[in-house]
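Novice: Sequential numbering of the sequence shown, starting at 1, is according to the UniProt record's numbering.
Take a look at this one; I'll ask things after.
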Amino acid sequence: MKKETIGSETVENRMEKEILNGQQPHWEKVFSNSCSRFGDKPSYPARKAAAIFEKEGKKKILELGGGQGRDTCFFASKGFSVHSLDYTESGPKAIKEKAEEAGFEKDVTTLRHDVRDPLPFEAGTFDACYSHMLYCMALTTAELEFLCKEIKRVLKPSGVNVYTARHTGDAHYGTGTHRGEDMYEIAGGFIVHFFSREKVESLAKEYGSFELERFEEGELPRKLYMVTMRK
């Protein structure tokens, strides 16, 4: 593809950016066609994160990329106060409805938000942050670095940031259409940003420490990192 320079950007880069931005309506369609795409049971990382939060006395949790709320409602059932953000319109609505049906409406707050923008909270608002497979969506490394800084800003001292991401040992890595960096558009039209250990270490450089665990999920199975970063 011919690269025509426009300012500091190339036409090719602009086209790729448009494709990455196109993931929002794609997820909107996916969620509208299924009320529980990933099931209703809490994920393994949510159960593991809840145990960490309970042990360390973390009560106020920020969840990013809440999806349809399977982990959100689990956190609320464990007594946490959860602010759940998602960049689709259908996600927060579904979470709110599930929380109300389960009697957790006082413990769950939902908001539509794009994590490429500054988080809409004051510094030091939350005890912990949790996100399951948000980091490995169509976000560039620069956007991920910005997000990590924003999360650190809204965490209280000694706050914890737990996230998961598919890694380069996953069977889908390198398949489908390359969309820049380590991002590939795989079957179903989903763009996945696959993580190397070096990327995990780079994103953790502004935090005090981090821990990394490998786990598998789903039928493929997907191979993921679970990363726990401490402010």
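Yeah, the Cβ is synthetic: ideal placement off N, Cα and C, and Gly gets one too.
Source: prediction; values computed, not measured.
#1: Is GLU211 helix, strand or coil when you go by DSSP?
#2: Reducing DSSP to helix, strand and coil, say where ARG166 ends up.
#3: Count the other CB atoms, across all protein chains shown, that sit within 10 Å of the CB of ARG214; report buried if there are 16 or more and exposed otherwise.
#4: My assumption, with CB atoms under 8 angstroms, is that HIS167 sits in contact with LYS205. Please give the rounded CB distance.
#5: Is it buried or exposed, ASP182, if we count other Cβ atoms within 10 angstroms and call 16 or more buried?
#6: Alpha carbons only, please: which of THR141, VAL160, PRO120 is nearest the one belonging to SER196?
#7: Which residue's Cα is closest to the Cα of ASN161: PHE126, SER43, THR88, LYS199?
#8: Suppose contacts are defined by Cβ-Cβ distances below 7 angstroms. Is ALA165 in contact with TYR225 by that definition?
#9: Roughly how many angstroms separate the alpha carbons of LEU144 and GLU101, rounded to a whole number?
#10: Would you say the segment 56-66 touches the segment 115-126, given that touching needs at least three Cβ pairs under 8 angstroms?
Specialist: According to the structure shown:
#1: strand
#2: strand
#3: exposed
#4: About 18 angstroms separates the Cβ atoms of HIS167 and LYS205, ruling out a contact at the 8 angstroms cut-off.
#5: buried
#6: Checking every option, the nearest Cα to that of SER196 belongs to THR141.
#7: PHE126
#8: yes
#9: Note on geometry: alpha-carbon atoms of LEU144 and GLU101 lie some 34 angstroms from one another.
#10: yes
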